[in-house]
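Worksheet for the structure shown next.
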Amino acid sequence: MNYPYENLENFTLPRLFDRSVNRYGEEPSLAKVGEEPMSYNQLNEKVKATVQLLQKSGISKGDKVVLLSENMPNWAVAYFSVTYFNAVIVPILPDFHPSDVHHIIRHSEAKAVFVSDKFLPTIEDANDLNIQLVINLEKLEIIEEISNQSYISQLKQKISKSSIKITEPKEDDLAAIIYTSGTTGHSKGVMLSHKNLVTNALSSFSKITIHKSDIFLSILPLAHTLECTVGLIVPILHGSSVHYIDKVPTPSVLLKAFSVVRPTMMLSVPLIIEKIYKNKVLAKFNSSFILKHLYKIPFFRKILNKAAGKKLIETFGGRVRFFGIGGAALSPFVEQFLMEAEFPYIIGYGLTETSPLIAGGSIIDGIVKVKSTGTPFYGVTVKIKDKDPKTGEGEIIVKSPSVMLGYYKDEEKTKEVMEDGWFLTGDLGYMDEDGFLFISGRSKNVIIGSGGENIYPEQIEAVINQNEAVLDSLVMEQDSKLIARVHLDYEMIDEMFKADRASDAKVKEDIANFLEELRVDVNTQVASFSKVNKFVEQIEPFIKTPTKKIKRYLYVE
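Following the UniProt record's numbering, the numbering of the sequence shown begins with 1 at its first residue and continues without gaps.
This is the structure in structure tokens:
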């Protein structure tokens, strides 16, 4: 592979980190929103000090170290410290239930834990985790009272400074184990090597030019591979700075962060930009009788969207030139708005097992195709397996230096997804004549119609979700018929049906009528074999994965 980066023949995280420190020493690196960033030299000092702390504490090559925290600069310090001397980092998503956290610690056989104050009770509440060291992430200090006392005592007697040696990892050594909580319900430990992560970060050069002056705003959890690779490793590779939101990214929190940081680059899951579009853009157009009707005419819609796009960029601080969207499918109607608004969005596709980037749009060539996830990244080969001769659809399979080593302690599951060096994604899609990849849906979610047609529930859901009163939907098969569970925006529903002045029975009747009208409207926009037979009100919010995908297995038999 000929990546355009000198001094990185050995694709390891320490090599990448040291290169950036040497090149960008005095440049700003990481900060919380509203705080002054530390320089790359200061970041290096913290990493090297934490490496010493870990090694003095008996952590060595191959030892697993859990990282449980909300986003903050010291998250990156822990990440690069652990991987610097060939130990293995195990980041845990902060959304995980404490019982899931305890399971991961046990399964990974972690010897130490970095934990923020916020999640300390999760560690304190478990007595059988066999953890030797607990390290406070804010202070980067060992919490002796909840670490293994006999272990700490032995350390003070045995470990001396002279006994410490840095074991530099090789590129194929294990760097991280990422535990997924997917829509299938089975949590797997994805083993990623140094080469997997570094080559994936390096491949970004083929899609976007990044400068040391670029400012990233980080709002997705760093324990998610998309944010870790593209929102941390990539900016450090280029000497950029990253600012962290350590709160839930509500509209008010985001607006404040945009005005303070004025980012040039950021990543998002579709849900965030879809909410902004529905609540800010569409709501404004629908509030005016004239604009609402003009918006239905393509000529005027494009003019209105372009004007809204300029205001949206101002809302983001006025400097954004890259807005990456990944983790789940983006609704086509929202993408149409972003394209017509000339908003600098890029849709990416990948999985934790591919570190994660597989394909994406490009700011460099500027070519966008609605509903496409773009073309493969540099060094990534994509093929369509078992292609349907009529539609060209089949399973997307991938070969690249970024494909995982396998699932931790699960050879059987690993064999199921690996075939002659190819990773079987489980996603269905096709590639057009220009090499653009289109995702149809998950193979496990496909519903076979009465005439043998492939029905992709995700595509019907995208149509349902266009309605501003719909927050989420889930299409499934029941008794050989399609039904849709629909979770509504009850604030909007209360306003629509004057709930404060109507009886419960009347409101229920109005909601039932609304759902039936919505069903009829949706069925005019889908293929005849994809028409939905019944809409059912989903009163409670759907349970979701950390990337905001509905956990289908909880609702579909």
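For every residue, glycine included, the Cβ atom is placed at its ideal position computed from N, Cα and C.
So residue i and residue j are supposed to be a Cβ contact under 8 Å. How far apart are they, rounded?
i, j, result
"GLY350", "LEU226", "7 Å"
"SER218", "SER29", "Between SER29 and SER218 the Cβ distance is about 12 Å, and since that is not below 8 Å, they are no contact."
"PRO169", "THR50", "About 16 Å; that fails the 8 Å criterion."
"GLU274", "LYS306", "With 8 Å as the limit, GLU274 and LYS306 do not qualify as a contact, their Cβ atoms being about 19 Å apart."
"ILE364", "THR209", "7 Å"
"TYR430", "GLY374", "So it is not a contact: roughly 14 Å between Cβ atoms."
"LYS64", "THR167", "With a Cβ gap of about 15 Å, LYS64 and THR167 do not count as contacting."
"GLU395", "LEU428", "6 Å"
"ASP472", "PHE535", "Actually they do not touch by this definition, with Cβ atoms about 13 Å apart."
Expressed to the nearest angstrom, what Euclidean distance is found between the alpha-carbon atoms of residue i and residue j?
i, j, result
"THR183", "GLY327", "Because the pLDDT at THR183 is just 46, under 50, the model does not fix this residue reliably, and the value given afterwards should be weighed accordingly. For THR183 and GLY327, the distance between alpha carbons rounds to 12 Å."
"LEU133", "THR352", "28 Å"
"LEU254", "ASN74", "21 Å"
"LEU43", "HIS211", "19 Å"
"GLY449", "MET476", "12 Å"
"ASN454", "GLU468", "28 Å"
"TYR3", "SER400", "14 Å"
"ILE493", "ILE511", "8 Å"
"THR83", "ALA176", "8 Å"
"ASP500", "PHE333", "32 Å"
"PRO14", "ILE447", "46 Å"
"SER480", "HIS224", "37 Å"
"GLY360", "VAL77", "29 Å"
"HIS243", "LYS32", "5 Å"
"LEU515", "ILE245", "37 Å"
"MET496", "MET339", "30 Å"
"GLY309", "ILE131", "51 Å"
"TYR408", "SER108", "8 Å"
"SER440", "VAL320", "30 Å"
"LEU220", "ARG485", "27 Å"
"PHE316", "LYS247", "18 Å"
"GLU171", "GLY58", "23 Å"
"TYR40", "GLY239", "8 Å"
"TYR79", "LEU482", "46 Å"
"GLY366", "GLN336", "15 Å"
"ARG23", "MET38", "15 Å"
"ILE92", "LEU474", "27 Å"
"LYS188", "ASN279", "36 Å"
"LEU488", "GLU509", "15 Å"
"THR180", "TYR490", "31 Å"
"GLN538", "VAL470", "11 Å"
"ALA527", "ALA329", "20 Å"
"ARG19", "LEU237", "8 Å"
"SER204", "ILE346", "12 Å"
"GLY185", "LYS544", "Unreliable positioning characterises GLY185 in this predicted model, as indicated by a pLDDT of 48, which lies under 50. The coordinate reading is nonetheless provided below. Distance between the alpha carbons of GLY185 and LYS544: 11 Å."
"LYS256", "ILE397", "41 Å"
Name the DSSP beta bridge partners of residue i, please?
i, result
"GLY429", "GLY394 and ILE439"
"GLU537", "VAL486"
"LEU197", "None, per the DSSP bridge assignment."
"HIS243", "ALA31 and LEU217"
"PRO91", "LEU67"
"MET266", "LEU217 and PHE323"
"ILE542", "The amino acid occupying residue 542 in the given sequence is Phe; Ile does not appear at that position. In the DSSP output, where bridge partners are listed per residue, PHE542 has none listed."
"VAL470", "LEU488"
"ILE455", "ILE447"
"MET476", "ILE483"
"TYR179", "GLY189"
"PHE423", "VAL398 and MET418"
"LEU133", "ALA112"
"LEU174", "SER193"
"residue 570", "In this structure the chain extends from 1 to 557, so residue 570 is not present and cannot be described."
"ILE550", "LYS544"
Can you confirm whether the region 500 to 508 touches the region 539 to 556 when touching is taken to mean that 3 or more C-beta pairs between the two stretches lie within less than 8 Å? Judged by Cβ distances under 8 Å, the region 539 to 556 makes no contact with the region 500 to 508, as fewer than three pairs qualify.
Assess contact between the region 83 to 103 and the region 133 to 144, defined as three or more Cβ pairs (one per stretch) separated by less than 8 Å. Is contact present? Taking 8 Å as the limit for Cβ pairs, the verdict is that the region 133 to 144 does not touch the region 83 to 103.
So does the region 312 to 324 actually touch the region 266 to 280, counting three or more Cβ pairs closer than 8 Å? In short, these stretches touch, since the Cβ pair count reaches three.
Quick check: the region 82 to 93 against the region 378 to 392, are there 3 or more CB pairs under 8 Å? A contact between stretches requires three or more CB pairs, one per stretch, nearer than 8 Å, and the region 82 to 93 fails this requirement with the region 378 to 392.
Indicate whether the contact test is met: 3 or more Cβ pairs, each with one atom in the region 106 to 116 and one in the region 64 to 71, closer than 8 Å. Verdict: yes, contact present.
Contact between the region 433 to 442 and the region 461 to 468: three or more CB pairs below 8 Å? These segments do not touch.
With three or more beta-carbon pairs closer than 8 Å as the criterion, would you say the region 373 to 385 touches the region 195 to 203? Output reads yes: the region 195 to 203 touches the region 373 to 385.
Please give the ranges of any beta strand (DSSP E) in the region 321 to 406, keeping only runs that are unbroken, at least 3 residues long and fully inside the region. Taking only runs of at least 3 residues, the beta strand (DSSP E) segments lying wholly in the region 321 to 406 are 322 to 325, 345 to 350, 357 to 360, 381 to 385 and 394 to 399.
Could you say if the region 395 to 409 and the region 418 to 428 meet the contact criterion of at least three C-beta pairs nearer than 8 Å? A contact between stretches requires three or more CB pairs, one per stretch, nearer than 8 Å, and the region 395 to 409 meets this requirement with the region 418 to 428.
Tell me the start and end of each unbroken alpha helix (DSSP H) in the region 13 to 86 that is at least 4 residues and wholly inside, in chain order. Taking 4 residues as the shortest admissible run, the region 13 to 86 contains the following complete alpha helix (DSSP H) segments, listed from N- to C-terminal end: 13 to 24, 40 to 56 and 73 to 84.
Taking only runs that begin and end inside the region 269 to 325, name each unbroken beta strand (DSSP E) of 3 or more residues, in chain order. Taking only runs of at least 3 residues, the beta strand (DSSP E) segments lying wholly in the region 269 to 325 are 322 to 325.
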